[in-house]
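Here's the structure we're looking at; comments come further down.
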Amino acid sequence: MKIFNLVKEIIVVDRMTLMQAVNSAKTFAITYRGNVKYAPFEPSDIFIYQGVIKRPASSALIPPKPLKLSELFGIHYKVVEDDDRILIKAAGAWQDLLPINTPNAEYDDTTGDGIAEFSHKELENIGWHATEFNITYRELSEVLEKEAEGILFCIEYEGDNYQFSGLGYLQNIEEAYQILYKYSKERIEKLIESDKDFAKENLTEDEEEAAKFFKVL
């Protein structure tokens, strides 16, 4: 998976396209690739902005003051106008982006509680059974991040005040299933062979069911 860290990334948007969206009074969104889209949106899209730009109301006595794009997008965005391009940094808007992007993520790693589940049933079945052998969702997600195709959309601040919050998106669920199934099966086989707590004769009913799921027994 590719890491897209909003702290480090600058999203480049075509100026004319963005201005059309801003002036449209329609709900639009900007993807992490810098594409401008209008509702309804695709489940595969990952956004750094979604909403309607509202300009201040004008009156006959007080003409409207032209506002910069940085003022229209709000304090959580850093916006630079560069000729025919608009450059956007969106790390400050992370909390606003979570309700928009989390529903379509494969896994949610944005809380201190860690990863609790996978969204697709096929992968969740692997995660559910793997936990019987102390293989955590965190461990499985790290395997996906290393071997699968997809995007880890996140904010990561390095240094003394380290902070990480991320959402995982997979490009190919079947590929991810094969990767996790193979990994879990091999891990469980080694545990049964080398760890007396997981020896065949000591397996609980749930552990035995999990071993059969991975065709180890």
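Take the sequence shown: its position 135, counting from 1, is numbered 134 in numbering that gives the first Met the number 0, and each next residue is one higher.
Ideal placement from N, C-alpha and C gives every residue a C-beta, glycine not left out.
Please read these numbers as outputs of a predicted model, since none were measured by experiment.
- Within 10 angstroms of the beta-carbon of Tyr180 lie 16 or more other beta-carbons, which makes it buried.
- Note on geometry: alpha-carbon atoms of Met18 and Ala89 lie some 18 angstroms from one another.
- The same chain holds no residue with a CB closer than 6 angstroms to that of Arg32 once the five nearest residues on each side in sequence are set aside.
- DSSP places Gly149 inside the beta strand (DSSP E), whose first and last residues are Gly149 to Tyr156.
- Within 10 angstroms of the beta-carbon of Gly165 lie 16 or more other beta-carbons, which makes it buried.
- Straight-line spacing of the CA atoms in Tyr76 and Ser69 works out to 7 angstroms.
- Take the alpha-carbon of Glu148 and the one of Gln170: they are about 5 angstroms apart.
- DSSP places Asp95 in the uninterrupted alpha helix (DSSP H) bounded by Trp93 to Asn100.
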